[in-house]
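Working notes, beginning with the structure itself.
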Amino acid sequence: MKILVTGSKGQLGNELQLLAAKRPDPEFIFTDYQELDITSIDAVNRFVKEARPDWIINCAAYTSVDKAEAEPEAAQLLNADGPGYLAAVAASCGARLLHISTDYVFGGRNYRPYRETDPAAPKGVYAESKARGEINVMEAAPDSIIVRTSWLYSAYGHNFVKTILRTGREKGLLKVVADQIGSPTWAHDLAIAILNLIDKNADGGFYHYSNEGVCSWYDFARTIIGLSGIACKVVATDTPGYPLPAPRPYYSVLDKSKYTEITHCEVPWWCDSLKKCIALLNEQG
0 MKILVTGSKG
10 QLGNELQLLA
20 AKRPDPEFIF
30 TDYQELDITS
40 IDAVNRFVKE
50 ARPDWIINCA
60 AYTSVDKAEA
70 EPEAAQLLNA
80 DGPGYLAAVA
90 ASCGARLLHI
100 STDYVFGGRN
110 YRPYRETDPA
120 APKGVYAESK
130 ARGEINVMEA
140 APDSIIVRTS
150 WLYSAYGHNF
160 VKTILRTGRE
170 KGLLKVVADQ
180 IGSPTWAHDL
190 AIAILNLIDK
200 NADGGFYHYS
210 NEGVCSWYDF
220 ARTIIGLSGI
230 ACKVVATDTP
240 GYPLPAPRPY
250 YSVLDKSKYT
260 EITHCEVPWW
270 CDSLKKCIAL
280 LNEQG
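Here's what the structure looks like:
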C-alpha cells in the first residue's frame, strides 16, 4: 500500500512522518507545497497520477483563523478548492482521500458533544472555507473519509501550547477566555487515529476525533503553565473581554463514539497527552 501525505511540514504531517519511520509498511510519500501545490488542479493531476497512491491524507490547510478574515480568497483556495481537487483526482485514479476538517464548522451553541450527523453552521471565513471543503470532497468522492478535530497542538509549528509557554515565560500575567469549551487534541494522537482508520479501511463519511475530556481555553492554559513550572499567573476573561477578528464557537466538543466503535481503540485523556507533549518540548529545550 502507498500513502501520499500533503502538508507534511505542519503539526500533523510531522507526527505522521514520525509514525511512518517506525512502520515498514505502507510506503509513504510526504509532500508540502514545494512538491505539491494542492490549489492547482493540474499539479494535483500530474503528481497523483505519477505517484499512484492508494490513499491520500490531506494535512494541508489555511489555519490562520483571524488572518483568514482579511484573506478569504487564500483560505478558500487551500481549505475548499484544493481538497476538492484532491478528491476528484483520487476518485479518477482509484485512490481514497482522508481529509482533515475542524470543529469550527459547527455553530458552537450545542449542549452535548457534536455528532457527525449534526448540521454544519460555520461562522467566519475560516470556518466557512473548511465547511465548503467538506462539501467539495464528498461531492467529488463520496467514499472519502473526513476527520474533524479540535484545538490541535504539538511540538511542531505554531499552536496554543507553544504560544502559552512562550508568553508565559515573557510575561507574569496571561488573560485567557473561560467561556469557550472544547477538547484539546495532541497531533500525535490524531496521527495514530488516522492510520487506525486507514488500517481498518473504514467506510467513507465523517468521523470525529479529539482527545477525551473537555475544558475551557482558560483551563487549558492553566494546565499548561502548571505542568511547565513557569512562574506566571493565568486569569480568566470572557469572549467580549478578549476580542478577535474571527468568531469562535462557544462549545465545540466532538462525539468520538463512531471512531471508537470502528477502530476499538481507546482515546487518551487530554491531560495525559498534554503531559507527554510538554515533556517532549522540555527534552527539546
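If you're matching positions, the sequence shown starts at 0 in numbering that gives the first Met the number 0 and goes up one per residue.
Backbone N, C-alpha and C define an ideal beta-carbon position, used for all residues, glycine too.
N-terminal and C-terminal residue of the beta strand (DSSP E) that residue i is part of
i: Lys-232; result: 232-236
i: Tyr-217; result: Element bounds for Tyr-217: not the beta strand (DSSP E) but the alpha helix (DSSP H), 216-227.
i: Arg-148; result: What sits at residue 148 in the sequence shown is Thr, not Arg. It spans 144-148 - the beta strand (DSSP E) in which Thr-148 sits, taken as one unbroken run.
i: Gly-286; result: Residue 286 lies beyond the range of the chain shown here (0 to 284); nothing can be said about it.
i: Ser-286; result: Residue 286 lies beyond the range of the chain shown here (0 to 284); nothing can be said about it.
i: Val-4; result: 1-5
i: Arg-108; result: Unbroken run through Arg-108: none, as it is neither H nor E.
i: Lys-199; result: It is not in any beta strand (DSSP E) - Lys-199 carries neither H nor E in the DSSP assignment.
i: Leu-97; result: 95-101
i: Leu-173; result: 172-176
i: Glu-26; result: 26-29
Extent of the continuous alpha helix (DSSP H) to which residue i belongs
i: Gly-83; result: 81-92
i: Gly-167; result: 159-169
i: Tyr-258; result: 256-262
i: Ile-55; result: Careful: Ile-55 lies outside any alpha helix (DSSP H), inside the beta strand (DSSP E) at 54-57.
i: Glu-70; result: Glu-70 -> no alpha helix (DSSP H), and no H or E assigned at all.
i: Leu-76; result: Neither: Leu-76 is in no alpha helix (DSSP H) and is coded neither H nor E.
Beta-carbon proximity check, residue i vs residue j, cutoff 9 Å
i: Val-234; j: Lys-174; result: yes
i: Tyr-61; j: Arg-147; result: no
i: His-89; j: Val-47; result: This sequence places Ala at residue 89; His is not what is there. Closer than 9 Å, so yes.
i: Ser-143; j: Leu-97; result: yes
i: Tyr-208; j: Ala-220; result: no
i: Asn-135; j: Asp-80; result: yes
i: Asn-78; j: Gly-6; result: no
i: Thr-259; j: Leu-196; result: no
i: Val-266; j: Ile-223; result: no
i: Arg-95; j: Trp-54; result: yes
i: Leu-15; j: Leu-194; result: yes
i: Trp-268; j: Gly-212; result: yes
i: Gly-284; j: Lys-232; result: no
i: Tyr-32; j: Ala-59; result: yes
i: Leu-35; j: His-187; result: no
i: Gly-203; j: Pro-141; result: yes
i: Glu-68; j: Gly-123; result: yes
Nearest to residue i (by Cα), restricted to the options the options
i: Lys-255; options: Glu-115, Val-160, Pro-244; result: Glu-115
i: Gly-93; options: Gln-16, Ala-69, Ile-2, Arg-108; result: Ile-2
i: Lys-129; options: Thr-101, Ala-140, Ala-67, Ala-139; result: Thr-101
i: Val-176; options: Asn-195, Tyr-249, Pro-244, Ile-55; result: Tyr-249
i: Tyr-241; options: Gly-228, Asp-178, Ile-191; result: Asp-178
i: Gly-181; options: Glu-282, Arg-168, Ser-149; result: Ser-149
i: Tyr-155; options: Thr-5, Met-0, Gln-10; result: Gln-10
i: Ala-230; options: Lys-122, Arg-165, Asp-31; result: Arg-165
i: Ala-50; options: Leu-279, Glu-133, Met-0; result: Met-0
i: Thr-30; options: Lys-21, Asp-202, Lys-8, Asp-24; result: Lys-8
i: Pro-183; options: Asn-13, Asn-200, Leu-273, Ile-145; result: Leu-273
i: Ser-251; options: Ala-278, Glu-68, Ala-119; result: Ala-119
i: Glu-70; options: Tyr-125, Ile-40, Trp-185, Thr-162; result: Tyr-125
i: Pro-112; options: Lys-257, Ala-278, Asp-237, Pro-52; result: Lys-257
Cβ neighbours of residue i in the same chain (closer than 6 Å, five flanking residues each side left out)
i: Ala-19; result: Phe-27
i: Asn-158; result: Tyr-152
i: Glu-127; result: Pro-121
i: Thr-238; result: Val-176, Asp-178
Nonlocal neighbours in the same chain, by C-beta distance under 8 Å from residue i, ignoring five residues either side
i: Thr-38; result: Leu-76, Leu-77, Asp-80, Gly-81, Tyr-84
Other residues of its chain near residue i: CB distance less than 7 Å, five sequence neighbours each side excluded
i: Ala-139; result: Gly-83, Ala-86, Ala-87, Ala-90
i: Asp-65; result: Leu-243, Pro-244, Ala-245
i: Ala-201; result: Ile-144, Ile-261
i: Pro-356; result: It is not possible to answer for residue 356, since the shown part of the chain is limited to 0 through 284.
i: Asn-210; result: Ser-182, Pro-183, Thr-184, Trp-185, Asp-188, Val-266, Pro-267, Trp-268, Trp-269, Ser-272
Residue i beta carbon near the ligand ADP (any heavy atom closer than 8 Å)
i: Leu-17; result: For the structure depicted, the ligand ADP is absent and the ligand set is empty, with no information on it obtainable.
Counting pairs of Cβ atoms below 8 Å between the stretch 39-46 and the stretch 214-233, do you hit three or more? no
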